[in-house]
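Peer 1: Handing you a structure now.
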Amino acid sequence: MTNTPVTTLYEQDFYLWLEQTAELLKTGKFEKLDVRHLLEEIKGMSSSQRQALRSNLEVILMHLLKYKYQSEKRSNSWRFSILEHRFRLEDILEDSPSLGTYLLDVMDKCYTKARKKAVQETGMSMATFPLECPFTAEQVLDEDFLPE
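Under the UniProt record's numbering, the first residue of the sequence shown carries the number 1, and numbering increases by one thereafter.
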């Protein structure tokens, strides 16, 4: 461990701060912890996980819409993208199963964004795509599901 105060270390060498924080936790030296920065990092990790879930969900929904409503342009690239983002979503939910409820909570909001993105990407009318999400959470997560 270095003699640099832990709070200063956070600003100077983040990796070393992480290592020392882990060591302080491991050895039970809680009074030496940089609690303010530790809380910031924990909150940031939580926010980052939720953002990653929303981002991957939006991509899946947008590609499922394109796949369903632009069937003449279906491609391996679209299928690959859908599968890749499903795998990412699966990893997030494996690491943080409690985010499964969050996925259900944000599905409508993510669909609204995905619908707008699909309009921009395809040049099709907003009226082409349903106002309500035509896919269930199970379908979104199902590796084998592709709309007809």
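Here a beta-carbon is modelled for each residue, glycine too, at the ideal position from N, C-alpha and C.
Asp91 lies in the alpha helix (DSSP H); which residues open and close that run?
Peer 2: Asp91 -> alpha helix (DSSP H) spans 76-95.
Peer 1: Where Leu18 and Phe80 are concerned, what is the direct C-alpha to C-alpha distance, given to the nearest angstrom?
Peer 2: Their Cα atoms are separated by approximately 36 Å.
Peer 1: Since Glu143 and Leu89 should fall inside the 8 Å C-beta cutoff, what is the C-beta to C-beta distance between them, to a whole number of angstroms?
Peer 2: Not a contact, Cβ separation roughly 11 Å.
Peer 1: At what residues does the alpha helix (DSSP H) containing Lys43 begin and finish?
Peer 2: That run of the alpha helix (DSSP H) goes 35-69.
Peer 1: For Ser46 and Leu99, I'd like the C-alpha separation in whole angstroms.
Peer 2: Whole-angstrom Cα-Cα distance: 10 Å.
Peer 1: Look at the alpha carbon of Gly112 and the alpha carbon of Glu94, and state the distance between them as a whole number of angstroms.
Peer 2: Looking at the sequence shown, residue 112 is not Gly but Thr. Using only the alpha carbons, I get a separation of about 26 Å.
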